[in-house]
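As given, the protein sequences belong to chains B and H, one line each in that order.
Numbering-wise (this note's numbering), the first sequence opens with residue 926 and increments by one.
Numbering-wise (this note's numbering), the second sequence opens with residue 8 and increments by one.
All C-beta atoms, glycine included, are put in the ideal place defined by N, C-alpha and C.
Worksheet for the structure shown next.
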Amino acid sequence: MNTPVALVAQGVGKRFVIKKAGRTVVALDDVSIEVKSAALTALVGPDGAGKTTLLRLAAGLMVADTGTMTVLGIDAATDPQAIQNRISYMPQRFGLYDDLSVQENLDLYADLHGVPQDVRGKRYQRLMEMTDLGRFTSRPAGKLSGGMKQKLGLACTLVRSPELLLLDEPTVGVDPLSRRELWEILEQLVGEENLSVLVSTSYMDEAARCAHVAILHDGKVLAQGTPESIRDTAEDLCFAVTPPADEAPRHLQARLLDDDDTVDAVPRGGKVHFVRTRATVEQGDPDLARVLGASRAEPMPPTLEDGFMLALRSKVQRDLSSAAAVATSTSTSKPASAKTDQSVIEVKDLVRTFGDFTAVDRTSFSVSRGEIFGLLGPNGAGKTTTFRMLCGLLPASSGTLRVAGHDLRKARAHARQQIGYVSQKFALYGNLTVDENLTFFGGAYGLSGTRLRERMAAVKSQFELDDAGHAQAGLLPGGFKQRLAMATGLLHAPDILFLDEPTSGADPLARREFWRRITALAEAGTTVVITTHFMEEAEYCDRVVIQDAGKVLALGTPAEIRRQAGETDARTFDMEQAFIGIVEQNRKASRGGAREAA
Amino acid sequence: MNGGFWQRLLALTRKEVKQLLRDRSNLMMGIALPAVLILIFGYGLSFDVKNAPVAVVMEDHSVTANDMIAGLRLSPYLAPRVVNSMHDAEALMLDRKVDAILRLPSDFSRRLGLGDAHAQLILHGADANTARTIEGYVQSALAQSTVLQGDRSGASPGASVGSVYLEQRLWFNEANTSTWFLVPGLIVLITTLVGAFLTALVMAREWERGTLEALFVTPVRPLEILLAKIIPYFGVGMIGLLMCLLAARFLFDVPIYGSLWLILLVSVFYLFVALGIGLLISAVTKNQFTASQLALVTSFMPALMLSGFIYDLRNMPLAVEAVGRILPATHYMEVLKSLFLAGNLWPVILKNCVILIGYAVVVLAAARMKTRKLIG
């Protein structure tokens, strides 16, 4: 039954005609990949690279224009049903029925796949053990948290052992703990049932766990091979540097990124990890000392992400430096002051209850002007609730909440004038143009006449939207939409910018660009409050707060958080390890406490 | 068809029924809305005129004239209100306190004796239908009084010179109650609402929410997905139909001259047409909002306006009439009305049934063609 290769795509091409815009988009162009049996294969690449299209072609939900897609030895174009009988597929939105309970969703898929009654009991038991959903079998799927939905979606694809499992970005918007659990399930099944899996992801650490990785970009395969082979392309090019005590890692990172010979730079564990181009390293890298100043760089072993960035940079030359330069010079018309100790957000004993459920429990923290402040926590930890209260979208049950000098419980309208808010879904009007969106939001913030025109010009140049004024917002690519959303949030030159999971589902390249803008904004004096599921992004923050079950578990600089998690000089953590460590310590302690109390 | 067909169909149908019962908005639209429509159309909306206020200007104070007015008072359809002058009557008419003015001139009774009496009737024409109805009521009330007058004066009816007594009979709706023809129309509307509108909505929801994408990559066949949608909503449609039939019989006392079984049979045919339209619309639009708009415009509104429910097709401009004639709802309406009020007229039944079956086959086949396991 098991052929050595589960899927073969040969020269696959697929294009879409967008009628409204009157143009064709090439989703896939001459893509050839193989998925080996009994192993994990990852599909990585930026937004719009063609990952979803490739998975849909494999599932027989689309027909390729050119080339052949062969799944389990069957041509997907001629007999998709034969393939669909034998594989499983989890689309990005999981495909669950919200009105049906966990058990009913499972039963539906078991019936559709014709799983005999006598083997179901055992299979269900196993799935429930792995997913830890056993306690919730009668709960409607719509009432599950994001992480649990994702696990149920996976369980539904596993009601019988499929010959190939296709997963489309299964971990978007899911917290690190749930993400880790999902991957543990996958690896267990690959080991025990020889499951073959093709999974698309924007997390490089997930791709690194696979046997084979294919990097897609603009519909083409940029590179593929084992994670090690891709990683090794960055051999000898990776370094780490510790910034001087008086400089935040992100400043040094920004300087590194602004240099043309830097492939990538990220703050990591208090240091800055960076990759230089091979050409410059071979010449002895004469410019590096100038960029680094007093600090010394030490060579580092490469990671998969370094290899990925190297592959992408060979295709994409995004000029981050110019974007950042514009951002700093024309920013929010405030004096470019570095952060001060003056706090712009003060939260004391904040409580929010929904019925008898306490979503946020006596939370206190303060944020200083010009600071980048991160809210982290697993799904359902209360960070969205906290976030909404800070933006004045949700009244607090008790406690004090001061934003930009206004008591949010009394002068919400005044406080809102000082706040810019960019929601996760980018609240834009898709059928209005960029200019029309900006004019509308400007009007909503009370801007008009010359002031509105000035501000529109400023944010458009700040976010490189000058040439896109007449483009319809709904037809813009994802990265553009995000820039437009941020531009609308900054139109009224607010003191504080709130960003709710702005990088969810974005690839590393887009996220670098995004963070370069954010750090430039903070330089210019705008305070930024942000939520994210990418723990390494916490490294960009001056301080972060980690919440779980409504309580603050940790508050401090990234370095302080790592130390709280138990980091020593001998044993270093990255932020994700620190995060998981702190949340699990706390959950164990509270469970132990509960047991003692009982 | 492979062996798992029944198992999959059963699983999908069970899922559909559960969703239907749990989603309150579906139940509201499938059961509560038809009930509300029945009450609105049965009690609220009616083209009958009852107790229409009529100003009576008495310029003749004779006994004869007073008898005449008494005759008007006896009519359940009119509420005469005697005023002193034409001026007062006009004021009432302008305020729309009365719908008509009846003026009996000073020489009314004298000329009545001569068989040449004139009375003036002025009608408020803003609502032409009501005006015409009142005209009829006043005329017949006056005529009746005249005949009585003649009887009383001892003369034979034929002797009342020059007056012709018109004996009126309304066939098929003897009482001329509008609920009689509204109820069959209501059945058409409710069947369309559940079949086309609700089904289009729930199917488009599956496309929109991406649940079909996951469902497609299983052994399930498109036909099974469609059948699983048709079965429960067919049931909801039949419940709506039964509610209408019960209301017709026991609430509004509408007679059913034709066979109840035939009514059920043609309704089944039409329900399949409506379900097919709903499924076809959702398969083409794949979007709840567009699907609901399209279902409203292409099935519900035409069933209301162009099927001969409210407006007689023959009074419409030719082009509009032609559109109306094409609609399956019109054929259903025609056969239902005749079954309710005229009995088993086989030529009408056969012709319309054949047309409805033809429509059902075409739209269901088109829905099947358009529902393919493809995304985008």
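CB contact flag (residue i, residue j, <8 Å)
i, j, result
"residue 1065/B", "residue 1026/B", "yes"
"residue 1496/B", "residue 1481/B", "no"
"residue 84/H", "residue 104/H", "no"
"residue 1507/B", "residue 1484/B", "no"
"residue 1197/B", "residue 1178/B", "yes"
"residue 1204/B", "residue 1164/B", "no"
"residue 1015/B", "residue 1100/B", "no"
"residue 935/B", "residue 973/B", "no"
"residue 1273/B", "residue 1293/B", "no"
"residue 1239/B", "residue 1277/B", "no"
Closest residue to residue i among the options (Cα-Cα distance)
i, options, result
"residue 362/H", "354/H, 335/H and 373/H", "335/H"
"residue 13/H", "230/H, 223/H, 307/H and 305/H", "230/H"
"residue 1377/B", "1362/B, 1386/B, 1367/B and 974/B", "1367/B"
"residue 246/H", "21/H, 41/H and 107/H", "41/H"
"residue 94/H", "321/H, 108/H and 203/H", "108/H"
"residue 258/H", "47/H, 306/H and 102/H", "47/H"
"residue 148/H", "86/H, 113/H, 100/H and 137/H", "86/H"
"residue 950/B", "1514/B, 958/B, 940/B and 1421/B", "940/B"
"residue 932/B", "947/B, 953/B, 938/B and 957/B", "957/B"
"residue 224/H", "1299/B, 1498/B and 1035/B", "1035/B"
"residue 1162/B", "1005/B, 1225/B, 1334/B and 961/B", "1225/B"
"residue 1166/B", "1218/B, 1186/B, 1160/B and 1129/B", "1218/B"
"residue 960/B", "1331/B, 1147/B and 1090/B", "1090/B"
"residue 217/H", "1051/B, 1023/B and 1126/B", "1023/B"
"residue 1478/B", "1208/B, 1238/B, 1302/B and 1332/B", "1302/B"
"residue 357/H", "270/H, 316/H, 237/H and 143/H", "270/H"
"residue 96/H", "68/H, 61/H and 140/H", "61/H"
"residue 976/B", "1235/B, 1038/B, 1138/B and 1051/B", "1138/B"
"residue 1074/B", "1426/B, 1087/B, 1085/B and 1095/B", "1095/B"
"residue 1080/B", "1104/B, 1107/B, 1052/B and 1470/B", "1052/B"
Residue i in three-state terms, based on DSSP
i, result
"residue 104/H", "coil"
"residue 991/B", "strand"
"residue 264/H", "coil"
"residue 871/B", "Absent from the structure is residue 871/B, since the part of chain B shown begins at 926 and ends at 1523."
"residue 317/H", "coil"
"residue 1034/B", "helix"
"residue 1273/B", "strand"
"residue 327/H", "helix"
"residue 1061/B", "helix"
"residue 138/H", "helix"
"residue 1014/B", "strand"
"residue 128/H", "strand"
"residue 1255/B", "Bear in mind that a pLDDT of 41 at residue 1255/B, under 50, signals an unreliable position, so the model cannot answer this."
"residue 1458/B", "coil"
"residue 944/B", "coil"
"residue 1466/B", "coil"
"residue 1240/B", "coil"
"residue 925/B", "Look at the range of chain B in this structure, 926 to 1523, and you will see that residue 925/B is not part of it."
Beta strand (DSSP E) segment containing residue i, residue limits
i, result
"residue 382/H", "Here residue 382/H belongs to no beta strand (DSSP E), and DSSP marks it neither H nor E."
"residue 1223/B", "1222-1224"
"residue 1298/B", "1297-1301"
"residue 1141/B", "1137-1142"
"residue 1146/B", "1145-1150"
The alpha helix (DSSP H) enclosing residue i, as first and last residue numbers
i, result
"residue 1365/B", "1359-1369"
"residue 1381/B", "1374-1387"
"residue 1043/B", "1042-1056"
"residue 1115/B", "1101-1118"
"residue 394/H", "Any question about residue 394/H goes unanswered here, given that chain H covers just 8 to 383."
Contact list for residue i against chain A, beta-carbon separation under 8 Å
i, result
"residue 1031/B", "Among the chains of the structure shown, chain A does not appear; the protein chains present are B and H."
Touching by the beta-carbon criterion (3+ pairs, under 8 Å), the region 1121-1136 of chain B and the region 951-968 of chain B: yes
Touch test, the region 351-362 of chain H against the region 258-271 of chain H, Cβ-Cβ under 8 Å, three pairs minimum: yes
Touching by the beta-carbon criterion (3+ pairs, under 8 Å), the region 273-282 of chain H and the region 365-379 of chain H: yes
Segment contact, 8 Å Cβ cut-off, at least three pairs: the region 1419-1426 of chain B with the region 1141-1152 of chain B: no
Sufficient close CB pairs (3 or more, under 8 Å) joining the region 1386-1404 of chain B to the region 1313-1327 of chain B: no
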